[in-house]
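As structure tokens, the structure follows; a few thoughts come after it.
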Amino acid sequence: MRTTLIVLLALLGMTGQGIGQESAIYTHAQRKYQEALDLYNNKQYQAAQTLFEEVHAQTDDPETEANSAYYIANAAVRLNQLGADRLMEDFVERYPTSIRRNSAFVDVADYYFENGRYPYALKWYKKVDQSSLSRAERERFDFNIGYSLFSSQKPEEAERYLQRVSNSPKYGSQAKYYLGYISYQQDDYAEANERFDQIADQELLEEKLSYYQADMNFKLGNFEEAIAQAKKQLPKSDRREISELNKIIGESYFNLGQYENAIPYLEDYKGKRGRWNNTDYYQLGYAQYKRGDFEAAVSQFNKIIDGQDDVAQNAYYHLAKCYLELDKKQEALNAYRNASQMQYSPDIRKDALLNYARLSYEIGNPYEPVPQVLGNFLERYPDSEEQSEIRELLVDSYITSRNFAGAMELLEENRGYASDETFQKVAFYRGVELFLSEDYPQALVHFDKAVSTRANPEFTARSRFWKAESAYADGGYEQAIAEYTAFASEPRAQSLEEYKGLAYQLGYAHFKLKQYGPATEQFRRFTGSAPSGPAKTDAYMRLGDSYFVNSSYQQAISAYDQALASGSSERDYAAYQKAMSFGFLGQESKKRDELDAFVSRFPNSSLKDDALFELGNSYVQAGRDGDAIAAYDRLIREYRMSSLVPAAMMRKGLVYYNSGRNEEALEVFRAVVDTYPNSGQASQAVQTAKLIYVDLGRVDEYARWARNLDFVEVTDSELEAASFEAAQKQQMQGNTSAAERAYEKYLEQFPGGSRRNEAHFELAKMQFAAGDKDTALGHFKVVAESGTGEAAEQALTRVCEILISKNDYPAALPYLLQLEARADIPQNRTFAQSNLMKGYYGQKDYTRTLNYAEKVLSSPGLDDRIRSDARLMIARSAWETGDFQKAKASYQQVLEIATGGTAAEALYFQALFQHREAAFEASNASVQRLAKDYAAYKEWGGKGLVLMAKNFDELDDAFQATYILENVIANFGAYPDLVEEAQKELTRIRAKEAQRNASVDPQGN
């Protein structure tokens, strides 16, 4: 068009007409004015403008002044100066009688026209007084203003002016061309053809019309003719038209089903203003799909985002097919889901939903529960021939997604959906799930359903075994023994892994019932056949205990030796029990040697205080008072928090007393009373001290001392004893409420009673068992703070449990620290350390968190759940402190043993670390596993989806990235931070895609 326009303008002779010719009035002797005029005519506008401004300021001649103003404004226009329009308007206003007024409008308009600034030209053309124009000037004016309107996208106004010159010898062909083009743009192809046919200018016909004829034939569906016309026009077209002609040829071949021919032309299309739209991407993608080039097809289809029409539905459907061909099932799932949610093609919608349901079953679904997807298909297409298949998948989906509760509910309402064998498996796995969540009564119910179904001998036997395990865990040891025995008689039992540990389990059940004879028999049977390992080592330990309780000390020693030899995590316990066994055999010297060796061999053992105590007692028995006192002193010095300290002090005092060292004995007894006034040893110390005072004749001194002791009330002692025994009697008879009232009455009457700690402890236990943990907490605290005895440790443990159950770690931490320091039972110490770890993590004290996590991991015989928690705390703390390598390694260790939400978290971080290492495909695989195996943990699933979207963005798959983010925004409203992150990512990706796809709205509107 511009080439023709230049020719047209040249023909018009528009070279500053009316500017270079000056009449005599302008050529007077004013040399400066003439010099300025010469500069202007030579197009030296800046210099001319400067001189005209001088002339304008100095002249007294009105006409010279007006002409100077005119040229100043005209030069400003040509120099594109700011305010040029204003200067010209000022000229018109100040010199209304100037003969240059109308020519000024035309001149400025023509200048803008010549320079292609048509909106500016229109502004000035509209000021022109058309009645003062000559015929030739009027034709030029009509064409110029018509073309300016055409170029300014005002075709209806343009048509009115172009019609006026459509028969002009000079402008007619050009006018008809643009009139025809207007009809073409308005899709009035008949009118366009008629106008084009009237054009006489052959050069114009050759240059332009083949393109429009090709396009019109394409739009009329004459694809063969469109291809011929477009190919004819290609060699003589400019870059923009070449792009459009390629589009016409490519799309014509596409519509003819000649996809191989279409591809190179579709690829050469450059788009509108350098951007394609969704239809462009779809056509090239579909052509590549038909050719079998699925990778290439995906790279086109996946650029179609935010599509809401039949083209988009078709694209997403075929995108899914391409992904399946490339074995990218997660990506196919998303594409099928999108196609299934669109209404444009019912057939595509159904097939997409069917494939979406199948894939959801196969690989999991991060957006909605798989059973829900399958159920939606059954509900939407109840008469579909795929009903039977989908029902089977529905049942299996509950199983594969570990939603056994949902599976049981479905099958108990629709037993026809699955076989008895499937029902039995679901009942079994639901039972296991309940067992792991420690709901043992309900686990028993489901294992019983599995047993009663008896469809599969293996699952019948396994259900028997786990029914026994549930009974055992619930404290029903007699029922457990009966079920273990029934399990052993099942036909398939001996082939199962569970059978290998049967004797071990039976041994423990008898052990819990204190049936040590049968326990001994079972543990001996297990140790005789079991392979080396923790279970066998533990069985030796319990075998030793069973022998020990039955006073078979020699056999106990042998069993403990076996446990020691096999590397038991309870080596210190075995060594201690072995030493005690020698003592009960009367081999005191051997006992002392073993205890002495124990103290050296196990310096950090929780039993070291027990060993020192027993060592002291043994020395007393041997008459070696000095060694006994040394042992007691060591215990008192090194284990000040031990519950054995009061007893050791008491034994030390008795050694002094029995050897006649009364003053030293009194000193020790008084120390016992002062330090441990609530202990049983305090009362004993008072009684023994009384004997010494009596022997020494210092009864008054005793009376003064005893009078200040609130727990020594000789006159009330019998009443106190009777009150406490009454409460005990009610408790032993099972009258819990009466027992509680009696203990409370005892504490009310005897607040300083010698057995007040026992009363608090029994009250606390009953209230805890009844679920009244808040009330129990106060009583447990009293006992815990007494600091002595086994009850104190149990009470301290309960205090910690109750506070932790309230998630009140700030209050729990001091008690947990006490429990760690005072616990004799290893499990209690591990419990304290594990929760100290969690408590410090909650306070963001990551250094202490890491320290306690390491302590927990160093504990022997650690349960996988506790080990997993410790690894998790290490991973989280390392992440928070920026030690990403340690976090990565720890999360990997967590993943190896974790279950549930912990495993979901570890799997998310595995995906995150893979993303950070640019392993985007591997990261997506981890997120896919997270979605499939841990669908119940929705927040981690949502975080994984956002990460997956980022991975797809890095892989240049805009469809997957935006689709996933849109679904996070729609389905994760319960997690506003997650939605905010997803929205931010979606906005960023849309803005990026809008730069290459004209169909994409950056705002998503």
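When you line the sequence shown up against mature numbering (1 follows the signal peptide of the UniProt record, and there is no 0), it's residues -20 to -1, 1 to 985, in that order.
Backbone N, C-alpha and C fix where the C-beta goes; we use that ideal spot for every residue, glycine too.
If you're wondering where the values come from, they're calculated on a predicted model, not measured in any experiment.
Same chain, Cβ closer than 6 Å to residue i, neighbours up to 5 away in sequence not counted
{"i": "G633", "result": "A645, V648, F649"}
{"i": "S903", "result": "A891, Q894, H895, N931"}
{"i": "Y164", "result": "A172, Y192"}
Given residue i as reference, the closest of the options once Cα atoms are compared
{"i": "Y673", "options": "Q209, R572, E643", "result": "E643"}
{"i": "R778", "options": "C302, L615, N808, A801", "result": "N808"}
{"i": "Y336", "options": "A315, G547, E205", "result": "A315"}
{"i": "F357", "options": "T433, L299, R329", "result": "R329"}
{"i": "N977", "options": "L837, R115, I285", "result": "I285"}
{"i": "L565", "options": "S585, D541, L544, A536", "result": "A536"}
{"i": "R851", "options": "Y871, E860, D863, S838", "result": "Y871"}
{"i": "G524", "options": "M560, Q873, A510, D844", "result": "M560"}
{"i": "D454", "options": "E876, P421, I949", "result": "P421"}
{"i": "K23", "options": "V57, Q38, R11", "result": "V57"}
{"i": "F439", "options": "R472, Y464, E463", "result": "R472"}
{"i": "L306", "options": "D541, D849, A277, A116", "result": "A277"}
{"i": "V88", "options": "D195, N124, Q178", "result": "N124"}
{"i": "Q263", "options": "K252, N235, R255", "result": "N235"}
Burial state of residue i, where buried means 16 or more other Cβ atoms lie within 10 Å
{"i": "D937", "result": "buried"}
{"i": "D518", "result": "buried"}
{"i": "L19", "result": "buried"}
{"i": "T77", "result": "exposed"}
{"i": "P626", "result": "buried"}
{"i": "M68", "result": "buried"}
{"i": "A687", "result": "Correcting the residue type first, residue 687 is Arg in the shown sequence and not Ala. By the neighbour-count rule (16 or more Cβ atoms within 10 Å), R687 is not buried but exposed."}
{"i": "T500", "result": "buried"}
{"i": "G(-8)", "result": "With a pLDDT of only 33 at G(-8), under 50, the local geometry of the prediction cannot be trusted, and the value read off the model is given with reservation. Exposed, since its Cβ has fewer than 16 Cβ neighbours within 10 Å."}
{"i": "K516", "result": "buried"}
{"i": "D788", "result": "exposed"}
{"i": "T465", "result": "exposed"}
Three-way DSSP call (helix, strand, coil) for residue i in this model
{"i": "N977", "result": "strand"}
{"i": "R140", "result": "helix"}
{"i": "K308", "result": "coil"}
{"i": "W255", "result": "The identity of residue 255 in the sequence shown is Arg, whereas the question assumes Trp. Strand, per DSSP."}
{"i": "G547", "result": "coil"}
{"i": "D788", "result": "coil"}
{"i": "M853", "result": "helix"}
{"i": "L(-16)", "result": "Because L(-16) carries a pLDDT of 37, less than 50, the predicted location of this residue cannot be relied on, and the following value inherits that uncertainty. Residue state, collapsed to three classes: helix."}
{"i": "A276", "result": "helix"}
{"i": "S368", "result": "helix"}
{"i": "E2", "result": "Confidence at E2 is low in this model, with a pLDDT of 44, below 50, so the placement of that residue should be treated as unreliable; the coordinate-derived value is given next. Of the three classes helix, strand and coil, the one that applies to E2 here is coil, per DSSP."}
{"i": "P215", "result": "helix"}
{"i": "A319", "result": "helix"}
{"i": "A971", "result": "helix"}
Own chain residues within Cβ distance below 7 Å of residue i, not counting five before or after
{"i": "Y98", "result": "S128, S131, S132"}
{"i": "R442", "result": "F408, L476, E478"}
{"i": "E681", "result": "Y673"}
{"i": "H36", "result": "E45, S48, A49, I52"}
{"i": "E240", "result": "R271"}
{"i": "I79", "result": "none"}
{"i": "E742", "result": "Q711, Y723"}
Residue i - containing alpha helix (DSSP H), residue span
{"i": "Y636", "result": "625 to 638"}
{"i": "A89", "result": "81 to 94"}
{"i": "L416", "result": "400 to 416"}
{"i": "F582", "result": "No alpha helix (DSSP H) holds F582; DSSP gives it neither H nor E."}
{"i": "E247", "result": "239 to 248"}
{"i": "L842", "result": "Element bounds for L842: n/a, residue is neither H nor E."}
{"i": "G924", "result": "918 to 934"}
{"i": "P42", "result": "42 to 58"}
{"i": "K23", "result": "K23 -> no alpha helix (DSSP H), and no H or E assigned at all."}
{"i": "Y397", "result": "No alpha helix (DSSP H) holds Y397; DSSP gives it neither H nor E."}
{"i": "V72", "result": "64 to 74"}
Contacting residues, own chain, Cβ-Cβ under 8 Å from residue i (five flanking each side not counted)
{"i": "L799", "result": "E773, L776, T777, C780, N808, R809, F811, A812"}
{"i": "G63", "result": "A56"}
9 Å Cβ cutoff, residue i in contact with chain B
{"i": "E221", "result": "Protein chains in the displayed structure number just one, and chain B is not present."}
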